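Reading through the C-alpha cells given below for one structure.
There are 2 protein chains.
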Amino acid sequence: MDTLIERAKRGIVAPEMEAVAEAEGVTPEFIRNGVAEGSIVITRNIIRPPFTKGRLGGIKPLGIGGGLRTKINANIGTSGDNADVANELKKLKVAIESGADTVMDLSTGGDIDFIRREIIKNSTVPIGTVPIYQVVCEGILENKRLEDITPDDIFNVIERQAEDGVDFITVHCGVTLDTVRKMNNEGRLLDMVSRGGALLARWMLYSKEENPLYSEFDRLIEIAVRFDIVLSLGDGLRPGCLSDATDRGQVQETILLGELADRARRSGAQVMIEGPGHMPINQIPANILLQKRLCHNAPFYVLGPLVTDIAPGYDHITSAIGGAIAAASGADFLCYVTPSEHLSLPTVDDVREGVIASRIAAHAGDIAKGIKGAIERDNQMAKMRKLLDWEGQIMTAIDPEKARRIRSENPPAENDVCTMCASFCAIKIQKSDF
Amino acid sequence: MDTLIERAKRGIVAPEMEAVAEAEGVTPEFIRNGVAEGSIVITRNIIRPPFTKGRLGGIKPLGIGGGLRTKINANIGTSGDNADVANELKKLKVAIESGADTVMDLSTGGDIDFIRREIIKNSTVPIGTVPIYQVVCEGILENKRLEDITPDDIFNVIERQAEDGVDFITVHCGVTLDTVRKMNNEGRLLDMVSRGGALLARWMLYSKEENPLYSEFDRLIEIAVRFDIVLSLGDGLRPGCLSDATDRGQVQETILLGELADRARRSGAQVMIEGPGHMPINQIPANILLQKRLCHNAPFYVLGPLVTDIAPGYDHITSAIGGAIAAASGADFLCYVTPSEHLSLPTVDDVREGVIASRIAAHAGDIAKGIKGAIERDNQMAKMRKLLDWEGQIMTAIDPEKARRIRSENPPAENDVCTMCASFCAIKIQKSDF
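Those protein sequences? They're chains B and V, same order as listed.
For the first sequence, counting from 1, position 235 maps to 258 in this note's numbering; every step adds exactly one.
For the second sequence, counting from 1, position 147 maps to 170 in this note's numbering; every step adds exactly one.
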C-alpha cells in the first residue's frame with residue numbers, strides 16, 4: 024500500500040488528509056499539497072485503528088506543519104529511578120485531558136515493551152518514542168558494552184516499536200562523526216544534552232564507526248514507509264545552554280537533517296525536524312528561518328526553546344516564552360517542558376502544568392502567525408468580559424477548573440465583579456452610573 | 024534644590040546617579056547623560072531617607088531606562104472586598120524577597136492613607152501609586168457624585184501622597200476628550216480596562232470638562248519637581264483584549280503622552296510612559312518602537328503585554344511571554360501579572376509567582392538586548408550542570424527554594440543525576456565509561 028506522501032504526490036486525497044482538513048478548517052487539497060511537498064506530516068501508524076468514541080487504542084490522524092494549528096507534545100515515561108506504569112498511565116490521561124496533541128513515551132526504566140504497549144492501548148492521541156533508549160536499556164540488561172550494540176539491535180527495536188503502533192519516532196540521524204567533530208572543535212560550555220545524541224556519540228567514540236542511523240538511513244526509511252510512521256529527525260547536537268546556541272555543530276546538523284529529509288520524502292517517508300533547545304530570544308526567529316530553509320519547509324518540532332538557563336522549577340515558563348516566539352516565527356510543533364525539568368521526573372501535576380503552559384504558547388503563536396480561527400476564542404473572552412459574564416469567562420478559559428477555583432476562593436461581595444477591583448471594576452464603571 | 028534632570032542637564036553627576044551607575048555596572052556619565060536626555064529615570068522621592076541596612080523606610084535610588092537592566096514592579100494593595108493591611112504588608116515582604124525592583128500600592132479599600140504609609144515605612148524599594156483611586160474613594164466617602172470631584176481634590180491627593188514619600192505616580196494624562204472620542208469613534212470590543220482611565224473618562228462624560236491631569240498638567244509638573252518624583256504617564260486607553268491592540272485611541276494617547284513627556288522634562292520633571300496591555304505577539308516589537316520614537320526614548324513601563332486573552336489562572340505566563348518579548352524589543356520596566364489576574368485580588372503566593380515569572384521575562388529580555396552581565400549567570404548555571412554540581416545549580420537558580428524542593432521530593436538513587444534521566448543523564452554519559 025502506498026504511503027500518504029506517495030498518494031499525495033499522485034494527487035490522491037486520502038481519508039486521513041480529509042480528516043486533518045476538517046479538523047483544521049482548511050481544504051483537503053491544502054493538506055494534500057502540504058503532504059506532497061513535505062511541509063505537512065500526518066502522524067498515524069497504519070496499523071493503528073481509527074479513533075472510535077469509547078474504544079481505546081484508536082487515534083484521529085493528526086496534521087502537523089505549515090498553515091496548521093501549532094501542536095503540542097507531552098513527554099511521559101519511566102526512568103531507572105521511577106518505573107511505575109500506573110503513574111505513567113495517569114500522566115497520559117492528564118496530558119490528553121489537558122490538551123496534548125501527542126504524547127511521547129520516553130521510558131528508560133522497567134519493562135519498556137509493556138509500558139509502551141499499555142500507553143498505546145490507552146491513548147487517543149498519536150504516540151512517539153525515542154527507540155535508541157530501549158536499544159541501550161536492552162544492551163545493558165544483556166551486559167553488553169555500549170560499542171557491542173549492533174546496527175541490527177537498533178533497527179530491530181525500531182521495527183518492534185513500529186509493529187506496536189508507534190506513530191512517530193525520534194531518530195538522531197544527524198549525530199555523525201563529522202557533526203560531532205565540528206561541535207568538539209569549536210568547543211561548548213555544556214557539550215551534548217540530548218540523551219540519544221550523547222549515547223550515539225559515545226557509541227561512535229568507542230566503536231570508531233559511523234552512526235548507523237545515518238550510514239544505514241535507507242533501513243530507517245524502509246521501516247518508516249512500511250508503517251507510514253513519521254521520522255522525527257532528532258537534534259542530538261541541540262544547545263543545552265544559551266551560550267551554545269546556533270553554533271557550528273547545531274547548524275551543521277540542521278544542514279544534514281535537511282539532506283536526509285529530502286531522501287526520506289523522495290522515498291515516500293514523512294519527516295519532521297527537531298530543534299533546540301536553550302536559546303536567547305533574539306536568536307529564535309533566525310533559527311526557525313534557517314530550519315525551514317535548510318530543510319525545505321519540513322515541519323519543525325521544537326523543545327522549548329528555553330530562553331534562560333537559570334530558572335529550574337519554572338522551565339514551563341521559560342519554554343512557554345521561547346515556544347510562543349518559535350510558534351509565532353513558524354515552528355509547527357512544541358514539545359512541552361514541565362516545572363520539574365532539570366530537577367526530577369515530572370509528577371502528574373507537573374504534566375498538567377506543562378501541557379497548559381505549552382498550549383498557551385502555541386495559541387499565542389497561532390494568533391501571531393494568523394492561523395484561521397485562533398483569535399476568535401480571545402474575542403469571545405473579550406465579549407464575556409464586557410458583559411461581566413463570569414460563567415462565560417470561565418467556560419471560555421483554557422483551564423476552566425483553575426479559573427473557577429481562583430475566583431471562588433476569594434469571592435466578591437457583588438457577583439458582577441471580582442475582588443481585584445470590586446466596585447472599581449473598569450468595565451462596570453463604564454456600564455453604570457458610577 | 025534642583026531636580027536630578029536639571030542637574031544632569033548641567034553636567035552634574037548627583038550621588039543618586041553614582042549609586043545607579045554602580046548598581047548597573049555602567050559609568051556615572053552614562054547615567055547622567057540618560058537622565059539629561061530623559062531615557063533614564065531614577066525613582067526616589069527626595070524626602071525618602073537613603074537605604075540603610077537594618078533600617079526601614081529608606082531606599083536605594085533605582086534607575087530605569089535605556090541600557091539598564093529591565094526592572095519589574097509588583098502591584099499590591101487592598102480592594103473594597105479585601106482590605107487587610109497585614110496581608111498587604113506580607114505581600115510587600117514577599118514581593119521584595121522574590122526580587123521586585125519596585126512595588127505599587129493600588130489600594131482602593133480601607134484606610135488608604137494608613138495603608139500607604141505602612142507600605143512606605145516597610146519598603147526597601149521605591150513605591151508607586153495611582154492617586155486617582157484615592158481621589159475617587161474619598162469622593163465616595165463624602166457622598167460626592169463623580170462629577171463633583173474637583174481638580175483640587177485630585178491635586179491635593181497627589182500632593183499628600185508625594186509628601187508621604189511616594190516615589191512615582193501613575194497619572195492618566197492622556198485620557199482626554201479627544202483621545203476618548205477617537206477610541207469611541209473607531210469602536211472597541213472591550214472599551215477601556217484601565218480603572219483610572221475609566222474613572223476619568225466617566226468624569227469627563229458627566230462634567231463635560233477636560234481631564235484636569237491634562238488641562239492642568241503644569242500643576243502636576245510642579246508637584247513632581249518639588250519632590251523629584253517620577254511621573255508615570257498612564258495608558259488609560261490601553262487595549263484590554265488582543266483585538267483592540269494598536270488602535271487609534273491607543274496610538275493617539277501615545278502621541279499625546281510623548282508631547283507631555285517633553286513638557287515635563289523641559290520643566291525638570293522625570294517621566295516614563297506606560298504601555299499595553301493585551302496584544303498579539305507580532306505587534307509587540309512595533310509597539311515598543313512606536314513608543315520609543317514618539318516619546319523620544321522615555322523609559323517604557325509595560326503591563327504584560329498579555330499575548331492571549333483566554334488564560335485566566337495563567338496570566339503570569341501569558342504576560343511573561345509578552346514581557347520577555349517587550350523587554351527584548353526595548354521595554355525597560357515590566358509590571359508583573361499574577362495567576363489571579365482577571366479573577367481575584369492576588370494572594371501572597373500569587374505575588375511570589377508573579378514576581379518570579381516577571382523576573383524570568385526581564386532576564387530573558389536582558390540577554391536578548393545584550394545587557395552587560397545578564398548571560399553570565401546562565402553561563403554559571405551551564406558550568407554547574409556540566410560539573411553535575413547540584414548544589415551549585417540550586418544556588419544559581421532564580422528560586423533556589425523551589426528548585427531544591429522539586430529535586431528533594433523525588434530524590435535520585437545516585438546523587439550526581441536526577442530522576443528524569445537517572446543513569447541516562449546525557450552529561451554523565453559523556454563523562455563516564457557508559
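For every residue, glycine included, the Cβ atom is placed at its ideal position computed from N, Cα and C.
All values derive from a computational prediction rather than experimental measurement.
Would you please state the rounded distance, in angstroms, between the beta carbons of residue i and residue j? I believe it to be under 8 Å.
| i | j | result |
| --- | --- | --- |
| residue 279/V | residue 336/V | With 8 Å as the limit, residue 279/V and residue 336/V do not qualify as a contact, their Cβ atoms being about 35 Å apart. |
| residue 341/B | residue 330/B | 5 Å |
| residue 48/B | residue 90/B | Their Cβ separation, rounded to whole angstroms, is 11 Å, which puts residue 48/B and residue 90/B out of contact at 8 Å. |
| residue 200/V | residue 233/V | 6 Å |
| residue 125/B | residue 145/B | Not quite, the Cβ-Cβ distance comes to about 14 Å (not below 8 Å), so this is no contact. |
| residue 68/B | residue 251/B | 7 Å |
| residue 296/V | residue 273/V | About 12 Å; that fails the 8 Å criterion. |
| residue 206/V | residue 260/V | 6 Å |
| residue 62/V | residue 322/V | 7 Å |
| residue 427/V | residue 367/B | Not a contact, Cβ separation roughly 11 Å. |
Determine the DSSP secondary structure at residue i, reduced to helix, strand or coil.
| i | result |
| --- | --- |
| residue 86/V | strand |
| residue 127/V | strand |
| residue 94/V | strand |
| residue 66/B | strand |
| residue 333/B | coil |
| residue 357/B | strand |
| residue 326/B | strand |
| residue 301/B | strand |
| residue 425/B | helix |
| residue 419/V | helix |
| residue 451/B | helix |
| residue 153/V | coil |
| residue 346/V | helix |
| residue 166/B | coil |
| residue 412/V | coil |
| residue 270/V | coil |
| residue 34/B | coil |
| residue 177/V | helix |
| residue 458/B | Residue coverage of chain B in this structure runs from 24 to 457, which leaves residue 458/B outside it and unanswerable. |
Would you list the residues sitting across from residue i in a DSSP beta bridge?
| i | result |
| --- | --- |
| residue 295/V | 255/V |
| residue 73/B | 82/B |
| residue 160/B | Its beta-bridge partners do not exist; DSSP assigns none. |
| residue 194/B | 256/B |
With a threshold of 9 Å between beta-carbons, can residue i be considered close to chain B, or not?
| i | result |
| --- | --- |
| residue 206/V | no |
| residue 422/V | yes |
| residue 290/V | no |
| residue 356/V | no |
| residue 365/V | yes |
| residue 159/V | yes |
| residue 406/V | yes |
| residue 312/V | no |
| residue 433/V | yes |
| residue 105/V | yes |
| residue 392/V | yes |
| residue 109/V | no |
| residue 401/V | yes |
| residue 137/V | no |
| residue 156/V | yes |
Are the C-beta atoms of residue i and some chain V residue less than 9 Å apart?
| i | result |
| --- | --- |
| residue 265/B | yes |
| residue 323/B | no |
| residue 332/B | yes |
| residue 295/B | no |
| residue 227/B | no |
| residue 336/B | yes |
| residue 216/B | yes |
| residue 195/B | no |
I want to check one thing, is the minimum distance from the CB of residue i to the heavy atoms of the ligand NAD below 8 Å?
| i | result |
| --- | --- |
| residue 433/V | Absence of the ligand NAD is noted for the structure shown, with no ligands found whatsoever. |
Of all the beta strand (DSSP E) runs that stay within the bounds of the region 98-151 of chain V, which reach a length of 3 or more residues?
-> 125-128
Quick one: which unbroken beta strand (DSSP E) runs of 3-plus residues sit fully inside the region 185-243 of chain V? Chain order, please.
-> 191-194
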